[in-house]
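To start, the structure under review is shown below, and the notes come after it.
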Amino acid sequence: MKCAALVGLVLAASGLAGGCGYSTGIRVGDRVRSLGVTYFANKTLEPDVEQELQNAITASVRSLTDVRLADPSRSEVLMRGEVIDFRRRGGIRSSDNVLLETGLYIEAEAGLYDALSGRALGPQKRARVWIGFVLDEPGGETSARDRAIRYVAEELVLDLFSPLE
Numbered sequence: 010m011k012c013a014a015l016v017g018l019v020l021a022a023s024g025l026a027g028g029c030g031y032s033t034g035i036r037v038g039d040r041v042r043s044l045g046v047t048y049f050a051n052k053t054l055e056p057d058v059e060q061e062l063q064n065a066i067t068a069s070v071r072s073l074t075d076v077r078l079a080d081p082s083r084s085e086v087l088m089r090g091e092v093i094d095f096r097r098r099g100g101i102r103s104s105d106n107v108l109l110e111t112g113l114y115i116e117a118e119a120g121l122y123d124a125l126s127g128r129a130l131g132p133q134k135r136a137r138v139w140i141g142f143v144l145d146e147p148g149g150e151t152s153a154r155d156r157a158i159r160y161v162a163e164e165l166v167l168d169l170f171s172p173l174e
């Protein structure tokens, strides 16, 4: 009985803590009124990875910041960048030399720029990740690619906007 009362007290206290002005997200909307995400360059041989990264960056900006997204031609700040590297790796093999697990690597760089002057608003930031996947999982590579691109996008958004908060 005492354990149940203690659990109830802890749950009630945690519910009250959520109402004490705590919020998630990076609050920079008063300093960056509108952001345009330009098409990233692709220095890799992997087709369309830059388009997937741009979509993930746009989704990350929406979910992690309070910045209003706008068309790059009408925005105050531009995010420019490039996909630097995308590759697949060899992986774990069975005793019969059958490939069981592999992975992929993605690396990208981005920066924020004043739309009128073109001046950098801070240093370029770089994000990279290795994501592994098993080959017998249906859609394993597609899922790993999506996770890798989403991770890089979120890291770039956090690294670029956190210093402005």
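Number 87 in this note's numbering belongs to position 78 of the sequence shown; there are no gaps in the numbering.
Here a beta-carbon is modelled for each residue, glycine too, at the ideal position from N, C-alpha and C.
With respect to the C-alpha of G45, the residue from P132, T151 and G120 having the closest C-alpha is G120. Of all alpha-carbon atoms in L173, I140, D105 and S104, the one lying nearest the alpha-carbon of P132 is that of L173.
CA-to-CA, the gap between K134 and F170 works out to about 10 Å. L62 and R42 have their C-alpha atoms spaced approximately 23 Å apart. Rounded to whole angstroms, the gap between the alpha carbons of D105 and R128 is 56 Å.
Following the DSSP letters along the chain, one finds V46 inside the beta strand (DSSP E) bounded by residues S43 to V46.
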